[in-house]
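Inspection log for the structure reproduced underneath, given as structure tokens.
Numbering (the numbering used here), first residue to last: 17 to 410.
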């Protein structure tokens, strides 16, 4: 198949959606498919490149239908229109690569699939947008969610839409079997207990709470590290010039004034991120919004216990503890750091879940079948001369 994936971010970005689309794309290429990715421009990347066999097309565009879209939106539309795709897959709502095409999804000669990674329909700025989304969603051949706990089900019930099936997120089992790099020694952690947070500087990641957590547990003589990726500034399109958005600059200031309480690591290579998770004693997520958090799955793959707020699929994942507020988080983190046996038990439970249910190769099997059914459904509809309904089977 000639496949087009659209996503707001892609490699070398290391945020969750970028990693999800990369893993799906690269594995489909290995299976003989021709995969193209349309995504946002990055300061250090060309407008076209091949990454691990995936054709990556970058556009200097930003925004969404709710707040306005800017940049090379029309160039992106022309690119999509000019190719003979066999299937198009839009990752995410309220992002420009999807929103730029919403009005014409039903007009394409190829089937289109929508994959959502959580909704923000409760946000005041997006309420009107999400009230209009149902009319466009029905033009997709398939809608897939990545978690049963990320809001799609309640949204569909409210707007009388079919509830999308879930294809969960995964991990690369080979990546998590590689030996660690020895970052404890290289980063000066040594034999101390090590608590890490891995997330980008997006405003919903609540990095300030991680600094507060570290400060409240200062007496435990524990090392805390925030391993954070750049979140490009959206305002005025400054992100395309390398200006960071979100809390990047606040975190640098917090790191300086915290006098070493939190070691801030910015934009580390993927292999270092993986090794840090493997070498840590505990993963902490302070995020206030997730669908199916990739970093929690990766912590489980490493056999490292986690502590998270009750967001997305955290409540149904083994291997960690869900908490309700910062005070409870500090209490649980302290308890786990003092209890080696409990940390080991949680880590083993998380690892067992990953091995059984979150292998990327098995998950891509599901995506491949979903794509094939969408293509077959479009062909059958064309044969009888009518468009079929939204297909919800995965």
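Cβ coordinates follow ideal geometry from the N, Cα and C atoms, glycine included.
Any idea what DSSP makes of residue i, helix, strand or coil?
i: residue 306; result: coil
i: residue 11; result: Because the chain is modelled from 17 through 410, residue 11 falls outside the range shown and cannot be assessed.
i: residue 343; result: helix
i: residue 328; result: helix
i: residue 348; result: helix
i: residue 235; result: helix
i: residue 161; result: strand
i: residue 392; result: helix
i: residue 226; result: helix
i: residue 320; result: coil
i: residue 193; result: helix
i: residue 83; result: coil
i: residue 250; result: Its pLDDT being 49, under 50, residue 250 is placed unreliably by the model, and the measurement read from it follows with that caveat. Residue state, collapsed to three classes: coil.
i: residue 183; result: coil
i: residue 218; result: coil
Taking 9 Å as the threshold (beta carbon to beta carbon), is residue i in contact with chain D?
i: residue 175; result: The structure shown contains no chain D, having only a single protein chain.
Please return the same chain residues whose Cβ sits closer than 8 Å to the Cβ of residue i, not counting the five positions on each side in sequence.
i: residue 70; result: 38, 41, 42, 45, 51, 52 and 53
i: residue 234; result: 277
i: residue 144; result: 82
Among the options, which one has its Cα closest to the Cα of residue i?
i: residue 76; options: 83, 61 and 82; result: 61
i: residue 283; options: 244, 290, 264 and 94; result: 244
i: residue 319; options: 291, 339 and 345; result: 291
i: residue 314; options: 17, 18, 102 and 30; result: 30
i: residue 47; options: 378, 389 and 310; result: 378
i: residue 322; options: 90, 214, 32 and 177; result: 214
i: residue 119; options: 199, 88, 178 and 153; result: 153
i: residue 343; options: 376, 28 and 302; result: 302
i: residue 166; options: 157, 156 and 181; result: 181
i: residue 94; options: 230, 113, 197 and 34; result: 113
i: residue 107; options: 32, 84 and 174; result: 32
i: residue 72; options: 391, 365 and 56; result: 56
i: residue 279; options: 304, 325 and 231; result: 231
i: residue 199; options: 132, 289 and 64; result: 289
i: residue 121; options: 357, 137, 376 and 104; result: 104
Is residue i buried or exposed, if buried means 16 or more other CB atoms sit within 10 Å of its CB?
i: residue 139; result: exposed
i: residue 269; result: exposed
i: residue 127; result: buried
i: residue 293; result: buried
i: residue 388; result: exposed
i: residue 360; result: exposed
i: residue 78; result: buried
i: residue 332; result: exposed
i: residue 98; result: exposed
Given residue i, which residues of its chain have a CB within under 7 Å of its CB, disregarding the five upstream and five downstream residues?
i: residue 111; result: 24 and 80
i: residue 370; result: 187, 313, 316 and 317
i: residue 252; result: Note that residue 252 scores a pLDDT of 42, beneath 50, so its modelled location is shaky and nothing firm can be said.
i: residue 380; result: 40, 43 and 44
i: residue 254; result: Confidence at residue 254 is low in this model, with a pLDDT of 44, below 50, so the placement of that residue should be treated as unreliable; the coordinate-derived value is given next. No residues qualify anywhere along the chain.
With a CB to CB cut of under 6 Å and the five nearest residues on each side skipped, what residues in its chain are close to residue i?
i: residue 296; result: 210, 212 and 320
i: residue 96; result: none
i: residue 311; result: 214
i: residue 177; result: 150
i: residue 304; result: 220 and 222
i: residue 337; result: 323 and 348
Return the chain-ordered ranges of every alpha helix (DSSP H) run that is complete within the segment 112-155 and spans a minimum of 4 residues.
-> If only uninterrupted alpha helix (DSSP H) runs of at least 4 residues are considered, those enclosed by the segment 112-155 are 112-115 and 143-153.
Enumerate, from N- to C-terminal direction, the unbroken alpha helix (DSSP H) stretches of 4 or more residues contained entirely within the segment 20-75.
-> 32-46
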